[in-house]
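Protein chains in written order, with my numbering: chain V, 1 to 806; chain Z, 1 to 302; chain S, 1 to 180.
Where is the CB? At the ideal position from N, CA and C, for every residue including glycine.
These figures come from a predicted structure and were not determined experimentally.
Right, one structure below, let's go through it.
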Amino acid sequence: MTIRGMTIRTIPRPVFDPVSGALVVPAGAVVPGRAATFPLRAEGPAKLTGQAKYTDDLVFPGAWYGATIRSTDARARLVAIEPDPEADWSGVVIVTAADIPGRNVVSAMQEDQPVLVPVGGEIRHHAEPVALLAAADRETLRLLRGRVRVVTEPLEPVFDPERSDHVFAALEIREGDVDAALAAAEFVLEGEYRVGHQEQLYIEGQAMIAVPGPDGEMAVHGSMQCPYYVHKALRKALGLDARRARVIQAETGGGFGGKEEYPSIVAVHAALLALKCRRPVRMIYDRHEDLAATTKRHPAIVRHRTGVSRDGHLVALEIEVILDGGAYATVTPVVLSRGALHAGGPYRCRNVRIRGRATRTNTPPNGAFRGFGAPQTEFAIETQLNRIAEALGLSPAEIRRRNALRVGDATPTGQVLHESVAAEEVLRVAVEASGFERARERTAREAAARRGSGHVPREPLRTGDHRFARGVGLALGWHGAGFTGAGEVAMGSVASVELAEDGRIRILVGSTEMGQGTRTILPMLVARELDVAVEAVEVAPVDTAEVPDSGPTVASRTAMVVGGLCIHAARRLRGMVEARHAGMAFAEVFRADAAVHGTTRVDQRYEPLAGAASFDETTWRGEAYPAFGWAACVASVEVDLDTAEVHVQDVVAVDDVGVAIHPILCEGQVEGGTLQAVGYATIEEIKLQDGRYLNDRLATYLIPTALDAPRIHTVLVEAPFSGVPHGAKGVGELPMDVGAPAVIAAIHDAVGVWITELPATPERILAALTAAPRPGPHGDGPGPASDPSSGRGPGPASDPGAEAPR
Amino acid sequence: MPAEPPVQSPRSLAEAYALLESAVAPGASGASGAPATPATPLTPIAGGTDVMVRITGELGPIPERLLDLSRLDELTGISLEPGRLVIGARTTYHEIRRSALVREHLPALVEMAATVGAAQIQNRGTIGGNVANASPAGDSLPVLLAADASVLVGSARGERLIAAADFFVSYRRTALAPDELILAIHVPLPGGRVVRFRKVGTRRAQAISKVVLALAYRDHGAAAGWSDVRVALGSVAPVPLRVAAAEAALEGARPTPEAADRAAEALAASITPIDDVRSTADYRRIVAARILHRLIREQGGW
Amino acid sequence: MSYRFLVNGAPAEVEVPGMRRLLDVLREDLALTGTKEGCGEGECGACSVILDGQVVAACLVPICQVDGRIVRTVEGLSLAVRSTDGLDALQEAFLVHGAAQCGICTPGMLMAARAYLDGGGGPDELAIREAISGNLCRCTGYTKIVDAIAAVAAHATPATPAAHTAHDARDERDARDEPA
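The following block contains the structure:
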């Protein structure tokens, strides 16, 4: 397949050269523009020897320790903060809202969240920060933090997002005439899908150390994805100018979106204490506090009414998306946008109506987490499509082949996809690599053998002849690369490349390394432009006193957008240096040039692509994203028929990343994102009681261990994007969009029930398997754990009480 | 950095007993003529996998004083005595897994030990700790109940043997007196006895059980029924317990489909598990019945 | 009270409360910050160290129980090796295979793997996964960690991956019509 001269290709896996031990692309598969070998992770040795310094490893002599006093009500009026008069407070500093020199507001899109709830103000969620304490030692802090009485008058909380009267954001995406198309459709399926909270569970918790300087400066060292977000938050709350606020990223132990906006709160809290104590203050969250108080993935309700023709072509997509934003807006409006824009899936359909709203509840605010709305809505559309395939007797792969977007098609916002569309390719590769159709035939044979063997689910207390059932499931997905709409233009990111006077070549960006490989791939891109060894290029420490604002490290934008800026900057640098040495190449002269001319620095600001169409955020029409990534996933599961436990055994993950700058790092992103999606589908669950998370310790919030994790087989596909010089589109979030629906489809393939609420716990599966059979295709269904669909037209509606006919 | 309460590390059992005795007798620890001091409870710590979590203070009050058992060799070792297996209280799950004696005489305990936590916990956690902690979800407890084990406890006042069936008094409370230590677990070894074990957790490692079950019986050959049937469960009640109705359904019976159905129904009818953060009452009830049914099926070979 | 023990082959002595966690003694009293705290409740494995040859969670071990014992931490792994970049075979394999991303779980993961290998563990995938099942990783999905440990276990150089490709494994299973 060739698009605009750029071929879509599948990358063969790099292998280890037996002589050198290095990773190499197999002979014959080297492509122009990509090196045959790949550098090792730049900060790898430091991490492997324990030398890398994460925030809690940093030592600041004389530092005090900070703690946060939090509300225990989900909603209340804050009447008073009363330190116990019997306790000795002489060695302790207390900070309340009254101590905030700037604005008592957490810097965000809608400034509705206070840094600390003021006396007289309203507490809006359990674990909301009310006051801060600092002391010289942790024993004092531990003894005294329980001696601060928070006096409140309870107010009536709202926990149901559909009952909430406060809407953070709402939108409607429309194309064609959905009502007419549904009325005329040969087959219509309804479905309701629910997803719960998910915790990012970075293994290094939130951590910030604030260090006050002599002239009103405040420097904050910490674990974060976005130093300039923290910088802005410090300036607002402490009333500092740009120079006096300084933010330095320490080695960061995972983020996944959980350290996109939340660190600003921790940083401001630490800074307020440091200001009052006049000494450094360490604010290091323990795991329990992190689980109880920080942002999570938005729970969602997604409702579908889908019209298809008898041969499986989509004719109408009506979708409702409701997000639970928690108590404050944070990034919710953009999560809703992205969720809604992806809600129709990577498919062609002329009649679409997507209505979305995000509402407020009295639970801790939800925020960014890998995928950012798309995993929620893509779980729904993929499961909906798999149910339609079942009803029509079509293979899940075939129905997608018939509907997948191709070059020249338009999305529901009217965006015509001119290039870089790999939906069919990733689907084809996933089906082949997994042997999907053959696996489905085998699982069908096994299911047939089980039927009639006197087995559950009709006798709940008995076991059957068979203990295990295997299943295989498929999902296809897409993920818009970079920010939605005009986000990049508004951001105006800057990346700089400099030739330092000592001959070092330095990349200065505000983009952070959190394991995804920023510190390794940016030097690769620059080194290639300058034609120097990658070892000659380094990334400067991320310190706002030194590096420009390259925008946040989110939205899978770093390789594509910031990488592109680095390439342009490097080209300009090369041109400048070579112009001073006629006829000589940069690689030959750069050290001599630096010695003579001193530092040469090039700043490159983001410019929108010439001729790029715009996006209208009132009508939701236009180019939502400059390009899309495409992914397909096939999951194989084994279900224990006695206990309904699910073991995901193998996953084939095929991801189009545009161009894989470093295939091993890309694979790492695919593997990690896929396992997070598997956890989302199976065991990661948060139950709430009175607006409080019950799963607030690592013993109760469970993520997959190495024994739970499937073997993940990654295949990288490249459909290059011409809008950036290197063709890369981003990889971080794409794998998160397809893992969960593939697992749900595999569970259905194994045991014949559609679990439409995540996670698909054994409790939900068992309840679905043992539920009484439904009275008929239009009858009332049993509880929400099973399939509440009604279908009309050819083919049977799903019956949760029996295994699905093939 | 959590609290660091005071700890004492006795070098002998006698020294440990003396410390425990003085901890429960107000004033006894002071020198003669000194004012009576109130008793501060002394919390024994072996491998620390439960006690160190309690010290974080997140699950309840922080233990005020600790008694470190790690130097008490009297609590170690696994030995075979006539008719019984003796497992020292400080025996770790790792040691249980490696023990040729346990593998031969109580393989269900080895199977259980492999399901606890992961390597880090198995290297430190002890069977005595699991028994003393008396969690309703304790993984070894159903095996001990099903095997008619006894707990050997000791104090300055002497030693006594408490049947496992009498040991778990109420939610997280045991029959141990405040001055007593668990010394060993005694497991009788009647001829022809079979013990089976099954645990269901949320994931395949590091999981607190949702349902944990042990089945024991004496096999008298292909024609005879089972005798001395024991069905013991955890995570379905405030204490680990035996279910008499399920045992009665199997006592004297062969492991047939009919017996399995009766036992499963009797089990489901006898337990009233709860909904909690980990699972639901319905799930626990149905799955407990099913895993019993499956174990009987496996023993019956049908 | 004073406690004496060996850390990475060198004697250490600390005068601290007996209930101080080994994790805090290492990180704060001995300034060995390579061992990390991820949860403080023994669930995540980030604080794993080797105590008398066994991998344990340092957040669950009070220092009074370390007296006279032998402790190995991540800082000690490369001490045993005289190579130019200071990495032992296991660390080298992690680097080459891409088994470390954010790196916070890595020290604990290395110690669990080192204990497994020192105990004679082989390249069997299930045994490796069991050996590291007490070490949570959120970044990698475990695949490359397992590959790296298997490569070392097979006494291969980091250059030779021990696990064969997905395609091969699946084709072999299909040919035998075996369960996955």
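Worksheet item: Is there at least one Cβ from chain Z nearer than 8 Å to Ala99 of chain S's Cβ?
Response: no
Worksheet entry | Within chain S, partners of Lys47 of chain V - CB distance below 7 Å | Ala100, Gly103 and Thr106
Worksheet item: For Tyr17 of chain Z, which residues in chain V fall below 7 Å Cβ to Cβ?
Response: Within chain V, no residue comes near Tyr17 of chain Z; the closest Cβ sits about 31 Å away, beyond 7 Å.
Discussion item. If distances are taken between C-alpha atoms only, which option among S:Asp147, S:Ile104 and S:Lys144 comes closest to Cys47 of chain S?
Written reply: With distances taken between Cα atoms, Cys47 of chain S lies closest to S:Ile104.
Item to complete: For Val53 of chain Z, go through chain S and note every residue whose CB falls closer than 7 Å to its CB, in chain order.
Response: Glu41 and Gly42
Worksheet item: Among the residues of its own chain, which have a CB less than 7 Å from the CB of Gly255 of chain V, if the five just before and after it don't count?
Response: So the list reads Tyr202, Gln225 and Met514, once near-sequence residues are dropped.
Discussion item. If we define contact as Cβ-Cβ less than 8 Å, is Ile664 of chain V a contact residue for chain S?
Written reply: Yes, Ile664 of chain V lies at the interface with chain S (some Cβ there is under 8 Å from its Cβ).
Item to complete: Consult DSSP for Thr558 of chain V and reduce its assignment to one of helix, strand or coil.
Response: helix
Worksheet item: Which runs of the alpha helix (DSSP H), 4 residues or longer, sit entirely within the stretch 155-227 of chain V?
Response: With a minimum length of 4 residues, the continuous alpha helix (DSSP H) runs that stay inside the stretch 155-227 of chain V are 178-184.
Discussion item. Would you say the beta carbon of Ile121 of chain Z is closer than 7 Å to some non-hydrogen atom of the ligand GTP?
Written reply: Only the bare structure without any ligand can be found here, which leaves the ligand GTP out of the picture.
Worksheet item: Quick one: any contact between the stretch 3-17 of chain Z and the stretch 65-80 of chain Z, if contact means 3 or more CB pairs under 8 Å?
Response: yes
Worksheet item: Among the residues of its own chain, which have a CB less than 8 Å from the CB of Ala39 of chain Z, if the five just before and after it don't count?
Response: Ala23, Val24, Ala25 and Pro26
Worksheet entry | chain V within 8 Å of Met1 of chain Z, Cβ atoms only | yes
Worksheet item: Considering Asp324 of chain V, what are the terminal residues of the beta strand (DSSP E) in which it resides?
Response: Leu314 to Asp324
Worksheet item: With respect to the beta strand (DSSP E) encompassing Ala469 of chain V, which residues constitute its N-terminal and C-terminal limits?
Response: That run of the beta strand (DSSP E) goes Phe468 to Gly480.
Item to complete: Please list the residues of the stretch 704-720 of chain V that have a C-beta atom closer than 7 Å to any C-beta atom in chain S, keeping them in chain order.
Response: Thr705, Ala706, Leu707, Ala709, Arg711, Ile712 and His713
Fill in: 3 or more residues per run - each beta strand (DSSP E) lying fully within the stretch 486-516 of chain V
494-499 and 505-508, all fully within the stretch 486-516 of chain V.
Item to complete: Note down the Cα distance separating Pro240 of chain Z from Arg90 of chain Z, rounded to an integer number of angstroms.
Response: Taking the CA atoms as reference points, Pro240 of chain Z sits about 21 Å from Arg90 of chain Z.
Worksheet item: Cα separation between Ala163 of chain S and Tyr93 of chain Z?
Response: Here Ala163 of chain S scores only 38 on pLDDT, less than 50, and its place in the model should not be relied on; the value that follows carries that caveat. Ala163 of chain S and Tyr93 of chain Z: Cα-Cα distance of roughly 31 Å.
Worksheet item: What's the gap between the Cα of Ala185 of chain V and the Cα of Pro608 of chain V?
Response: 41 Å
Discussion item. Going by DSSP, what residue range makes up the alpha helix (DSSP H) through Gly739 of chain V?
Written reply: Gly739 to Val751
Worksheet item: Leu30 of chain S CB to nearest chain V CB: under 8 Å?
Response: no
Discussion item. Contact criterion: CB-CB distance below 8 Å. Does Gln120 of chain Z meet it with respect to chain V?
Written reply: no
Item to complete: Would you mind stating whether Cys59 of chain S and Gly34 of chain S have Cβ atoms separated by less than 8 Å?
Response: Not a contact, by the Cβ cut-off of 8 Å.
Fill in: Contacts around Val195 of chain V, its chain only, beta-carbon distance under 7 Å, and the 5 residues preceding and following it disregarded
Pro299, Ala300, Gln376, Phe379 and Leu758
Item to complete: Tell me whether His220 of chain Z sits in a helix, a strand or coil according to DSSP, three-state version.
Response: coil
Worksheet item: Ala288 of chain Z CB to nearest chain S CB: under 8 Å?
Response: no
Worksheet item: Are Val195 of chain Z and Ala146 of chain Z close, meaning C-beta to C-beta below 8 Å?
Response: Contact: yes.
Worksheet item: Does the stretch 733-744 of chain V come close enough to the stretch 459-475 of chain V that 3 or more CB-CB pairs lie under 8 Å?
Response: yes
Worksheet item: Ordered along the chain, which non-local residues of its own chain (more than five positions away) have a Cβ less than 8 Å from that of Asp162 of chain V?
Response: Asp is not the amino acid found at residue 162 of chain V; the sequence shown has Glu there. Excluding sequence neighbours, Glu162 of chain V sits near Ile301, Ile322 and Thr359.
Practice prompt. Run down chain S in chain order and give the residues with a C-beta less than 9 Å from the C-beta of Val277 of chain Z.
Written response: Ordered by position in chain S, no residue passes the 9 Å Cβ test against Val277 of chain Z, which lies about 14 Å from the chain.
Item to complete: Since I believe Ala404 of chain V is in contact with Ala423 of chain V (beta carbons under 8 Å), could you give me their beta-carbon distance rounded to a whole number of angstroms?
Response: 4 Å
Worksheet item: Pairing CB atoms from the stretch 207-227 of chain V with CB atoms from the stretch 325-339 of chain V, are three or more of them under 8 Å?
Response: no
Practice prompt. Give a yes or no on whether 8 Å exceeds the smallest Cβ distance from Ser2 of chain S to chain Z.
Written response: no
Discussion item. I need the boundaries of the alpha helix (DSSP H) containing Gly679 of chain V, first residue and last residue.
Written reply: Pro663 to Thr682
Discussion item. At the level of alpha carbons, what is the spacing between Pro136 of chain Z and Val71 of chain S?
Written reply: Across the structure, Pro136 of chain Z and Val71 of chain S are spaced so that their CA atoms are roughly 34 Å apart.
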